[in-house]
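Peer 1: Here's a structure for you.
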């Protein structure tokens, strides 16, 4: 798809415009500078031609603050990637020296640049917007991203400037990978390592990532989508509205993922919130890998790894199926192993077992350990069939479904795993009464 990037100084309304063009709220919007820090991607498919839209952090050309410098770098990367650039300016603040500096930079870009004057809510602001012709441009588009004013004309101009591009086939199977965890465990640094370039703003300040940010890439000739998310804090710790929305975004990322990387800080160890975060993914039925980051910072002997694995298994006792990878996003140590594990668990997540093989394994398990007596009668298991994948789901027909105890359900689940693997993915068992003929 063609790519359209939205750039401009902080707090000129870029994220509001992003949401308005997209037709739904994806980017976080707050009325203070610096809310969006990374590039935020979305596919816009509601117009005649689909395109990828990128929201960026504020562009401050002269700032020496490290975080603002990183945001500027992200904006520059977006401009390099884009086919069309929307340069957003704020009519209420007027033309600023920073706007002029950005405009000078854009004149050197050999791509269509559309100048968008935002926050034009009426005739008075419309007249004021004429001041921006001082940038030496021939056409200005005046809009109110908040109220939708002028958006149709702007979108029409964008569509006119889009180059002819290929369309993604609906048959393409994209594996979506969400990277989740508490704030400041190194999620963005890990994403950068996996991709091999500085895709995300990685900063020691907890909470640097606020939006869930998508990056498509190809590994072993297969398409993937990597989703970096905001750190999920405990409910009582989420005081600011912006952080609440970040948590919602992270949970939505889990919902649309196939594989979830739960990142744990090796130095701090497993915390209650790590368990909560992993629990969200488990409850949603997603394939899951436990990634222990900052492994380089741990003093080790020949028993350290074994002790740590044992500790993690005890803490994450509801995830016995999840593989564990010990990495250092800082040094790159073992990061390459993650995608190998992703390939394995993604295959297991979509695996279909033959009905004959399944029932042989089930019969063997029931013979070794029959179900208990319920209401004076022995429970009888007839047969099973797999009814779905992603995650693998099975229906088991019995004479009294309500009599199956959760401990026996766990036993059968373990026996199915012994027979067929399903590493890295939860499995779902549903018990139903067999209809009498």
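Residue numbers (this note's numbering): 2 to 438. Just so it is clear, CB atoms sit at the ideal spot from N, CA and C, and this is done for glycine as well.
Please report the Cβ distance between residue 393 and residue 283, rounded to the nearest whole angstrom; I am assuming they are in contact, meaning their Cβ atoms lie under 8 Å.
Peer 2: No, residue 393 and residue 283 are not in contact; Cβ-Cβ is about 14 Å, not under 8 Å.
Peer 1: Taking Cβ positions, are residue 258 and residue 179 nearer each other than 7 Å?
Peer 2: Yes, the Cβ-Cβ distance between residue 258 and residue 179 is below 7 Å.
Peer 1: Taking the alpha carbon of residue 508 as the point to measure from, which residue in 275, 293, 421 and 327 has its own alpha carbon closest?
Peer 2: Because residue 508 is not part of the residues shown, which for the chain are 2 to 438, the question remains open.
Peer 1: Since I believe residue 320 is in contact with residue 279 (beta carbons under 8 Å), could you give me their beta-carbon distance rounded to a whole number of angstroms?
Peer 2: Going by Cβ atoms, the distance from residue 279 to residue 320 rounds to 6 Å, so yes, they are a contact pair.
Peer 1: How big is the Cα-Cα spacing for residue 239 and residue 274?
Peer 2: Summary for residue 239: the model assigns pLDDT 38, below 50, so the residue's position carries little reliability; its value from the coordinates is reported in the next sentence. If I take the Cα positions, the gap works out to 13 Å.
Peer 1: Would you identify the three-state DSSP class for residue 435, choosing helix, strand or coil?
Peer 2: In this structure, residue 435 counts as coil in the three-state DSSP scheme.
Peer 1: Is it buried or exposed, residue 312, if we count other Cβ atoms within 10 angstroms and call 16 or more buried?
Peer 2: Result: exposed.
Peer 1: Under three-state DSSP, which class holds residue 96?
Peer 2: Correct three-state label for residue 96: coil.
Peer 1: Is the beta carbon of residue 331 within less than 6 Å of some heavy atom of the ligand ATP?
Peer 2: Annotation note on the ligand ATP: not contained in the displayed structure, which lists no ligands.
Peer 1: Express the C-alpha separation of residue 164 and residue 83 in angstroms, rounding to a whole number.
Peer 2: Taking the straight line joining both Cα atoms gives about 11 Å.
Peer 1: Could you check the C-alpha separation between residue 144 and residue 96 for me, to the nearest Å?
Peer 2: Roughly 16 Å separates the two Cα atoms.
Peer 1: Consult DSSP for residue 467 and reduce its assignment to one of helix, strand or coil.
Peer 2: Lying before the first or after the last residue shown, residue 467 is absent from the chain, which here runs from 2 to 438.
Peer 1: Apply the 10 Å Cβ neighbour rule to residue 134 and answer buried if 16 or more other Cβ atoms are within range, or exposed otherwise.
Peer 2: With fewer than 16 other Cβ atoms within 10 Å, it is exposed.
Peer 1: Residue 88 and residue 8: beta carbons closer than 7 Å?
Peer 2: Yes. Within cutoff.
Peer 1: Judging by CA-CA distance, which residue of 317, 315 and 342 is the nearest neighbour of residue 328?
Peer 2: For the residues 317, 315 and 342, the minimum Cα distance to residue 328 belongs to 342.
Peer 1: Take residue 182 as the anchor and find which of 292, 15 and 368 has the nearest alpha-carbon.
Peer 2: Comparing Cα positions, the closest option is 292.
Peer 1: What span of residues does the alpha helix (DSSP H) with residue 408 cover, start to end?
Peer 2: Run containing residue 408: 407 to 421, per the alpha helix (DSSP H) assignment.
Peer 1: Between residue 334 and residue 177, what straight-line distance do the alpha-carbon atoms span, to the nearest angstrom?
Peer 2: Going by the C-alpha atoms only, they are around 23 Å apart.
Peer 1: Pull up the CB-CB distance for residue 92 and residue 120, whole angstroms please, since I reckon it's below 8 Å.
Peer 2: With 8 Å as the limit, residue 92 and residue 120 qualify as a contact, their Cβ atoms being about 5 Å apart.
Peer 1: Under 7 Å, do residue 430 and residue 366 count as touching if we go by C-beta distance?
Peer 2: Not in contact: residue 430 and residue 366 (Cβ atoms no closer than 7 Å).
Peer 1: Is residue 319 helix, strand or coil when you go by DSSP?
Peer 2: Three-state DSSP puts residue 319 in coil, outside helix and strand.
Peer 1: Bridge partners for residue 290 per DSSP, in chain order?
Peer 2: The partner list for residue 290 (beta bridge, DSSP) reads 262.
Peer 1: Excluding the five sequence neighbours on either side, which residues of its own chain have a C-beta within less than 7 Å of the C-beta of residue 396, listed in chain order?
Peer 2: Hits under 7 Å: 385, 386, 388, 431 and 433.
Peer 1: Among 46, 129 and 80, which has the Cα closest to the Cα of residue 109?
Peer 2: Among 46, 129 and 80, the Cα nearest to that of residue 109 belongs to 80.
Peer 1: Nearest to residue 185 by alpha carbon, out of 107, 295 and 19?
Peer 2: For residue 185, the nearest C-alpha among the options comes from 295.
Peer 1: Look at residue 118 and residue 155 and say whether their C-beta atoms are less than 7 Å apart.
Peer 2: No; because the gap between Cβ atoms is not below 7 Å, this pair is not in contact.
Peer 1: Around the C-beta of residue 13, are 16 or more other C-beta atoms found within 10 angstroms, so that it is buried, or is it exposed?
Peer 2: So residue 13 ends up on the buried side.
Peer 1: With H, G and I counted as helix, E and B as strand and the rest as coil, what does DSSP make of residue 83?
Peer 2: Residue 83: coil per DSSP, three-state reduction.
Peer 1: Would you identify the three-state DSSP class for residue 381, choosing helix, strand or coil?
Peer 2: Three-state result, residue 381: coil.
Peer 1: What number of angstroms, rounded off, separates the C-alpha of residue 263 from the C-alpha of residue 289?
Peer 2: Taking the straight line joining both Cα atoms gives about 7 Å.
Peer 1: Let me know if residue 170 comes out buried or exposed under the rule of 16 or more other beta-carbons within 10 Å of its beta-carbon.
Peer 2: Unreliable placement is indicated for residue 170, whose pLDDT of 44 sits below 50; the coordinate value is still reported in the next sentence. Counting Cβ neighbours within 10 Å, residue 170 comes out exposed, since fewer than 16 surround it.
Peer 1: What does the Cβ neighbour count give for residue 46, buried or exposed, with the cut at 16 atoms within 10 Å?
Peer 2: It counts as exposed.
Peer 1: Out of 406, 299, 323 and 22, which has the shortest C-alpha to C-alpha gap to residue 146?
Peer 2: Per the Cα distances, 22.
Peer 1: By alpha-carbon positions, which one of 347, 361, 125 and 98 ends up nearest to residue 419?
Peer 2: For residue 419, the nearest C-alpha among the options comes from 361.
Peer 1: How should residue 153 be labelled, buried or exposed, when 16 other C-beta atoms within 10 angstroms of its C-beta is the threshold for buried?
Peer 2: When all chains shown are included, residue 153 counts as exposed.
Peer 1: Mind checking whether residue 229 and residue 188 have CB atoms under 7 Å apart?
Peer 2: Cβ distance < 7 Å, so residue 229 and residue 188 count as in contact.
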